[in-house]
Amino acid sequence: MTRLELENIQGYLIRGYAHMLYSRFVYLQISDAKSFKKWLSQSWKEMTSARHIPDKSKISSTHLNIAFTHAGLGKLGLHEENLGAFSREFRQGMVSDHRTRLLGDFGTSRPEVWNWGGPRNETIHLCLMVFGNDKSANDDLEKDKIVCLNYYDALASQFDAIGVKELFYVDGQTQPDNKEHFGFRDGISQPIIEGSGRVGDKDDVIKAGEFLFGYKNEFGVYPDTPLIVKDQGDLNLLTPDAGGSGHKDIGKDGTFMVMRQLDQDVNKFWGYLNEKTKNPDGSINVAESLKLGAKFMGRWQSGAPVTLFPDSDPGPYSDVNDFGYAKFDKDGLKCPFGSHLRRTNPRDNVDDHGKKESLKLSKQHRIIRRARLYGEIYEGSPTNTTPKGDVGLLFICFNADISRQFEFLQYTWANLPKNKELYNDPDPIIGVKETVEPGEEQNFTVQDEPVSKTIKDLPRVITVKGGAYFFFPSINVLRYLSTI
Numbered sequence: 001m002t003r004l005e006l007e008n009i010q011g012y013l014i015r016g017y018a019h020m021l022y023s024r025f026v027y028l029q030i031s032d033a034k035s036f037k038k039w040l041s042q043s044w045k046e047m048t049s050a051r052h053i054p055d056k057s058k059i060s061s062t063h064l065n066i067a068f069t070h071a072g073l074g075k076l077g078l079h080e081e082n083l084g085a086f087s088r089e090f091r092q093g094m095v096s097d098h099r100t101r102l103l104g105d106f107g108t109s110r111p112e113v114w115n116w117g118g119p120r121n122e123t124i125h126l127c128l129m130v131f132g133n134d135k136s137a138n139d140d141l142e143k144d145k146i147v148c149l150n151y152y153d154a155l156a157s158q159f160d161a162i163g164v165k166e167l168f169y170v171d172g173q174t175q176p177d178n179k180e181h182f183g184f185r186d187g188i189s190q191p192i193i194e195g196s197g198r199v200g201d202k203d204d205v206i207k208a209g210e211f212l213f214g215y216k217n218e219f220g221v222y223p224d225t226p227l228i229v230k231d232q233g234d235l236n237l238l239t240p241d242a243g244g245s246g247h248k249d250i251g252k253d254g255t256f257m258v259m260r261q262l263d264q265d266v267n268k269f270w271g272y273l274n275e276k277t278k279n280p281d282g283s284i285n286v287a288e289s290l291k292l293g294a295k296f297m298g299r300w301q302s303g304a305p306v307t308l309f310p311d312s313d314p315g316p317y318s319d320v321n322d323f324g325y326a327k328f329d330k331d332g333l334k335c336p337f338g339s340h341l342r343r344t345n346p347r348d349n350v351d352d353h354g355k356k357e358s359l360k361l362s363k364q365h366r367i368i369r370r371a372r373l374y375g376e377i378y379e380g381s382p383t384n385t386t387p388k389g390d391v392g393l394l395f396i397c398f399n400a401d402i403s404r405q406f407e408f409l410q411y412t413w414a415n416l417p418k419n420k421e422l423y424n425d426p427d428p429i430i431g432v433k434e435t436v437e438p439g440e441e442q443n444f445t446v447q448d449e450p451v452s453k454t455i456k457d458l459p460r461v462i463t464v465k466g467g468a469y470f471f472f473p474s475i476n477v478l479r480y481l482s483t484i
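Numbered according to the UniProt record's numbering, the sequence shown terminates at residue 484, and the numbering increases by one at each position without gaps.
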């Protein structure tokens, strides 16, 4: 059994910090690399690791993690040869022409109009992630906010002295029941990293190398890790490449972090569902609207899977996750083939593959998903559709192979309209185009007998407001970076 070096892994990858209801994600530019590295030479000790703390009372009320863009690593002085050892996706970044096409970032989601991370925005070098929790309170968002922002203010007061400039920030929040703005419970199905100490269904246990460099992945090999090919810095702080190249590994116990700010149009989402399910007199059919919304998502608002509860939401909250599509719903008559969650994690029912091969393929494309709400805390529904101001999700995921994991999910399983027996069906949540070509359709098919039902003219309900690819290094590597 693989054993992870939890004390060397930054905690947000493993833990998620669910008890910390408030957070701030700060995008910074390094103006003085020497001053910043001096700060990093001490502050690596303050970074929150994934180390297990049995006594909950000893868990800090604030957590801090950090990640760097490719440009940020260059600003720290990493040699071109060493920068070139990182994957092509990370080097190119999220806004290259090719990546924009892959991710479908066009129209009002095009990088040129992003709030941060786009070609017209100032270059981001790093993201500082700040979390807070008032230990005297129980699930109190406002008190957690005070703890988080007080901690942030103390850090921000040093920014000039340590040589960084704040460019933008997003404040992230969570609800105790973990619902997002469309009104659905979020984050129920997460992979379990082998060796992390977490337990769960064996089908959810994924080899560590899918998410961390320096460990074998689901293919039984070590993932391509960034290596030091031209000596610099204190190499004694780095471990040798587990793959046997003889180089030191700057990736060990680190990973790549994907961040995307996704605005959610709650009014358009529920307005469309209400229109498609309305009563003959034009009034809202709440039950049918909720049911169609659940089919779009793959789970009811409570979190209960449509596969196991096809007719109604058992409510109030559900963490049920032990099911397979091949076993319970091979023909898609309960949870449609095109639903968001079935597409992005098809479990044991990938295309025409058998159960064993499907599980194998699914495991090779999993991501560790993190998400924080921004804007008004709002729970959408057929009768609750108009939040105040912009609301959305700061989507974050961790993966060792951006192309095979995050980008594959977005392009192949979400954006492409052909899936199983479907021909004009993009992912109804994240795959719909804002503008279609003449004659092009964007539908959602509800499998039924004897004839399936087609819901036409899907609206785009997500707008990308920012994004970037980051390197999420280990604690040891943070220390190493300060020695370059």
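For each residue, glycine too, the CB sits at the ideal point set by N, CA and C.
What do you get for residue i, buried or exposed, if any count of 16 or more other CB atoms within 10 angstroms of its CB means buried?
| i | result |
| --- | --- |
| Gln158 | exposed |
| Ser50 | It is worth fixing the name first, because residue 50 is Ala in this sequence and not Ser. Flag for Ala50 reads buried. |
| Ala287 | exposed |
| Glu89 | buried |
| Leu341 | buried |
| Asn345 | buried |
| Asn133 | buried |
| Asp153 | exposed |
| Asn8 | buried |
| Ile14 | buried |
| Gly220 | exposed |
| Asn274 | buried |
| Val199 | exposed |
| Val229 | exposed |
| Gln405 | buried |
| Pro426 | buried |
| Gly324 | buried |
| residue 485 | The structure shown has nothing for residue 485, since the chain only spans 1 to 484. |
| Thr277 | buried |
| His365 | buried |
| Pro336 | buried |
| Ala468 | buried |
If residue i sits next to residue j, beta carbons under 8 angstroms apart, how far is it from one beta carbon to the other, in whole angstroms?
| i | j | result |
| --- | --- | --- |
| Leu4 | Ile66 | Going by Cβ atoms, the distance from Leu4 to Ile66 rounds to 19 angstroms, so no, they are not a contact pair. |
| Leu76 | Leu83 | Going by Cβ atoms, the distance from Leu76 to Leu83 rounds to 10 angstroms, so no, they are not a contact pair. |
| Pro223 | Ala400 | 4 angstroms |
| Gly187 | Ser23 | Not quite, the Cβ-Cβ distance comes to about 14 angstroms (not below 8 angstroms), so this is no contact. |
| Leu237 | Arg479 | 6 angstroms |
| Leu167 | Ile124 | 6 angstroms |
| Phe269 | Phe182 | 6 angstroms |
| Pro387 | Val266 | 6 angstroms |
| Tyr423 | Pro417 | 7 angstroms |
| His63 | Gly104 | Not a contact, Cβ separation roughly 33 angstroms. |
| Leu227 | Val464 | Incorrect: roughly 32 angstroms between the Cβ atoms, too far for contact. |
| Ile455 | Pro382 | Actually they are not in contact, since the Cβ atoms of Ile455 and Pro382 sit about 15 angstroms apart, beyond 8 angstroms. |
| Leu21 | Leu141 | 5 angstroms |
In the DSSP assignment, find the alpha helix (DSSP H) that holds residue i and state where it starts and stops.
| i | result |
| --- | --- |
| Val477 | Ile475 to Leu481 |
| Leu393 | That residue, Leu393, is in no alpha helix (DSSP H); its beta strand (DSSP E) goes Gly392 to Asn399. |
| Ile430 | First-last for Ile430: undefined, no H or E at that position. |
| Ala154 | Leu141 to Ala156 |
| Lys355 | Lys355 to Lys363 |
Going by the CB atoms, is the gap between residue j and residue i shorter than 8 angstroms?
| i | j | result |
| --- | --- | --- |
| Tyr17 | Trp116 | no |
| Met257 | Phe36 | no |
| Trp44 | Ile475 | yes |
| Asp348 | Ser339 | no |
| Asp390 | Gly375 | yes |
| Ser109 | Glu407 | no |
| Phe213 | Thr225 | yes |
| Ser87 | Ile402 | yes |
| Asp253 | His247 | no |
| Ala326 | Lys363 | no |
| Asp177 | Ile192 | no |
| Glu194 | Ala208 | yes |
| Gln447 | Gly332 | yes |
| Ser60 | Lys165 | no |
| Asn443 | Arg343 | no |
| Arg101 | Gln92 | no |
Starting from residue i and walking both ways along the beta strand (DSSP E), at which residues does that stretch end?
| i | result |
| --- | --- |
| Met20 | Unbroken run through Met20: none, as it is neither H nor E. |
| Ile368 | Ile368 to Tyr374 |
| Asp171 | Val164 to Gln173 |
| Lys216 | Note, Lys216: premise wrong, no beta strand (DSSP E); not H, not E. |
| Leu262 | Thr255 to Gln264 |
| Ala414 | Run containing Ala414: none; DSSP gives neither H nor E here. |
| Gly467 | Ile462 to Phe472 |
| Val446 | Phe444 to Val446 |
| residue 487 | Absent from the structure is residue 487, since the part of the chain shown begins at 1 and ends at 484. |
Residue i: beta carbon under 7 angstroms from a heavy atom of the ligand MG?
| i | result |
| --- | --- |
| Tyr12 | This structure lacks the ligand MG, and indeed carries no ligand of any kind. |
- Minimum length 3: unbroken beta strand (DSSP E) runs contained in the UniProt domain "DyP dimeric alpha+beta barrel" (8-138): 22-30, 62-68 and 126-132
- Message: What ranges does the alpha helix (DSSP H) occupy inside the segment 275-342, keeping only unbroken runs of at least 4 residues that lie completely in it?
- Response: 286-297 and 325-328
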